[in-house]
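A.B. asks:
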Amino acid sequence: MFKTVPTKPYLDQKPGTSGLRKKVPVFQQENYAENFIQSIFDSLEGFAGKTLVIGGDGRYYNREVIQKAIKMAAASGFGKVMAGKGGILSTPAASHIIRKYEAFGGIILSASHNPGGPTEDFGIKYNASNGGPAPEKITDAIFERTKAIESYKITDAADIDLDTVGTQQLAGMTVEVIDPVTDYAAMMEELFDFPAIRALIGGGFRIAFDAMSAVTGPYAKEILEKRLGAPDGSVRNFIPLPDFGGHHPDPNLVHAKELYDQMMGDNAPDFGAASDGDGDRNLIIGKGIFVTPSDSVAMLAANAHLAPAYAKGIAGIARSMPTSEAADRVAEKLGIGMFETPTGWKFFGNLLDAGKVTICGEESAGTGSSHVREKDGLWAVLLWLNILAVRKESVLDIVHKHWTEFGRNYYSRHDYEEVESDAANGLVSALREKLATLPGTKYGALTVKAADDFAYHDPIDQSVSKNQGIRIFFEGGSRIVFRLSGTGTSGATLRVYIERYEVDPARHNIDTQEALADLIAVADTIAGIKARTGRPTPSVIT
Ligand code: VG1
Ligand code: CO
């Protein structure tokens, strides 16, 4: 019934910011996916007879790997697999299913916002029993295992029928195919005031949601149109496609430009939003105003008490280090804890589990709360809608009032994609070397106050994560951060995060790039971006 297949290690299976991501042809190499999945199982203990959740974002190669993973789970002794119908589970929905059914863990197949297709990206990630991405302790163990693996176990039974909801048997293991939307939609209905949102929409408030031909389509159709009464057509690109229609399912101003243009144009809807490949990111655009993800975290935290789930207030806020400090000002005013973690949702898990924080966010369009252990795109959309329904003001008014109350953190991220790895690594090591000499240095009107390489000391399990990004602080509160992406699949991606705080309301309506122009120039002077990468301009500005 089960067979043991000899294999040879691949040496490049190091999980990044969010699991292992590679091009599809890399994953299609003999035993490549099997090696990684077996290495996950080999790094875990005590799962015999327990439940494993499996689902993905529907991208190319999803179904093939799901079949492999189910057959390997059976051979390794899991008692049950729960899989989304059609192989579909958004990342936040998978997190919820793991928690709700007290599964041992889950395997999520996604490369998130990266493009899909035969020559594009694929990914595998393991989530633990709290529903969150495995912490570094586990991902390190998985990587070690991939370098030594000699065989994997699998059953040679026939494929599972993934398209029929219900229970099947596979070599002594139960496989339950579930509707991917039902449990998630029910949870959203518990968290938010659906009647209030329904009334808002019934009163003529127009929304436009772009699912970007990715996983949130079925979720958004059910929740926004069916349950909340948004007219047919409010949700667009709602059929998940293996290649996302040839686009990047990345909800930013470059890849969701059509939505942006519509929201800035005549007769724009009141509220525009989009999500990414696996449904954990969100883009929020009000009529005539884009809400930067960092601002969105701050505004959601400041107004969360208006939604039923957070009516008693929030325990604390956590943000990734490069995310702007806008949320810090909210935490200060509310008198609650504020935590700064490295990039990647896995670092929020301990804080959420310990009840230290309720809301978490990243500048990369990720926002979420203690309801699951992943960021959650539709959750952010619904919290915004709940706030709008209660405050009965426009997004634009809410944003402007927030800036007047807390000040505005002008913020932008400049990405240099697919830079030659050596050039990118050279840039970062050169920066690291000159950190000590930077304080006191003047660049025009800007003086460096401090500079370091961010290290995180987890207050719950005391683990330490070093080299998480170069931070340069200036007198007056401005900041530049440099780090290399841990999700890219070719070459290196340099991310430069630029931030300036402005308290004066008379200066809250400057174009962001203009407001940050001097810092942008200094970033190049300090790091030699153009000279080292050969790139005169960033590939993506968000
Ligand atoms: C990027 C983002 C990070 C996010 C990660 C996964 O990582 O910067 O904030 O957590 O993607 O998001 P990196 O290492 O490329 O900067 V997702 O939606 O791709 O799971
Ligand atoms: Co994602």
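Using this note's numbering, read the sequence shown as starting at 1 and increasing by one per residue. A virtual CB, placed ideally from N, CA and C, is assigned to each residue, including glycine.
Quick check for students: name the residue ranges of the beta strand (DSSP E) that lie wholly in the stretch 108-169, counting only runs of 3 or more.
C.D. replies: Entirely contained in the stretch 108-169, the beta strand (DSSP E) runs reaching 3 residues are, in chain order, 121-127, 151-155.
A.B. asks: Buried or exposed: where does Glu-325 fall if 16 or more other Cβ atoms within 10 Å of its Cβ makes it buried?
C.D. replies: Buried, since its Cβ has 16 or more Cβ neighbours within 10 Å.
A.B. asks: In three-state terms, what does DSSP make of Lys-544?
C.D. replies: With the chain represented from 1 up to 542, any question about residue 544 goes unanswered, as that position is not in the structure.
A.B. asks: Got a sec? Which residues, its chain only, sit under 7 Å from Gln-168 by beta carbon, not counting five neighbours each side?
C.D. replies: Cβ neighbours of Gln-168 beyond the five flanking positions: Ile-160, Asp-161, Val-175.
A.B. asks: Look up Pro-459 in the DSSP assignment and say whether it is helix, strand or coil.
C.D. replies: In the structure shown, Pro-459 sits in coil (DSSP, three-state: anything other than H, G, I, E or B).
A.B. asks: According to the neighbour-count rule (16 or more other Cβ atoms, all chains shown, within 10 Å of its Cβ), is His-255 buried or exposed?
C.D. replies: Its Cβ being crowded by 16 or more others within 10 Å, His-255 is buried.
A.B. asks: Taking C-beta to C-beta, are Ile-314 and Thr-341 nearer than 7 Å?
C.D. replies: For Ile-314 and Thr-341, no; Cβs fall outside 7 Å.
A.B. asks: Please return the same chain residues whose Cβ sits closer than 6 Å to the Cβ of Val-540, not counting the five positions on each side in sequence.
C.D. replies: The residues are Val-254, Asp-415.
A.B. asks: Below 6 Å CB to CB, which residues in the same chain sit around Phe-41 once its five sequence neighbours on both sides are set aside?
C.D. replies: Taken in chain order, the residues that qualify are Ser-76.
A.B. asks: Report the rounded CA-to-CA distance for Leu-435 versus Ser-421, giving the unit in angstroms.
C.D. replies: Their backbone Cα atoms lie some 21 Å apart in a straight line.
A.B. asks: My assumption, with CB atoms under 8 Å, is that Gly-106 sits in contact with Ile-54. Please give the rounded CB distance.
C.D. replies: Yes, Gly-106 and Ile-54 are in contact; Cβ-Cβ is about 7 Å, under 8 Å.
A.B. asks: I need the DSSP call for Tyr-32, collapsed to helix, strand or coil.
C.D. replies: Looking at Tyr-32 - three-state DSSP - the assignment turns out to be helix.
A.B. asks: Tell me which residue opens and which closes the beta strand (DSSP E) that Asn-409 is part of.
C.D. replies: Counting along the chain, the beta strand (DSSP E) containing Asn-409 begins and ends at 408-419.
A.B. asks: Establish whether the CB of Ala-436 and some CB of chain D are separated by less than 7 Å.
C.D. replies: In the displayed structure, chain D is absent; only one protein chain is listed.
A.B. asks: Check whether the Cβ atoms of Phe-406 and Arg-329 sit closer than 7 Å, and answer yes or no.
C.D. replies: The answer is yes: Cβ separation under 7 Å.
A.B. asks: Work out the CA separation of Val-428 and Arg-535 for me, nearest whole Å.
C.D. replies: The straight-line gap from Cα to Cα measures roughly 16 Å.
A.B. asks: Are the beta-carbon atoms of Ser-364 and Leu-352 separated by less than 7 Å?
C.D. replies: No, these two residues do not count as a Cβ contact at 7 Å.
A.B. asks: Taking all protein chains shown into account, decide if Arg-507 is buried (16 or more other Cβ within 10 angstroms of its Cβ) or exposed.
C.D. replies: Arg-507 is exposed by the Cβ-count criterion.
A.B. asks: Measure how close the beta-carbons of Ala-148 and Pro-9 come, nearest whole angstrom, since I'm counting them as under 8 Å.
C.D. replies: At roughly 6 Å, the Cβ-Cβ gap stays under 8 Å, so Ala-148 and Pro-9 are in contact.
A.B. asks: If you pair each beta-carbon of the stretch 462-478 with each one of the stretch 383-403, do three or more pairs fall below 8 Å?
C.D. replies: Segments in contact, no.
A.B. asks: Where do the ends of the beta strand (DSSP E) carrying Val-177 lie?
C.D. replies: That run of the beta strand (DSSP E) goes 173-178.
A.B. asks: Any chance the CB of Asp-276 is under 6 Å from a heavy atom of the ligand CO?
C.D. replies: The answer is yes for Asp-276.
A.B. asks: Pull up the distance between the alpha-carbon of Asn-35 and that of Thr-182, whole angstroms please.
C.D. replies: Cα to Cα, Asn-35 sits roughly 33 Å from Thr-182.
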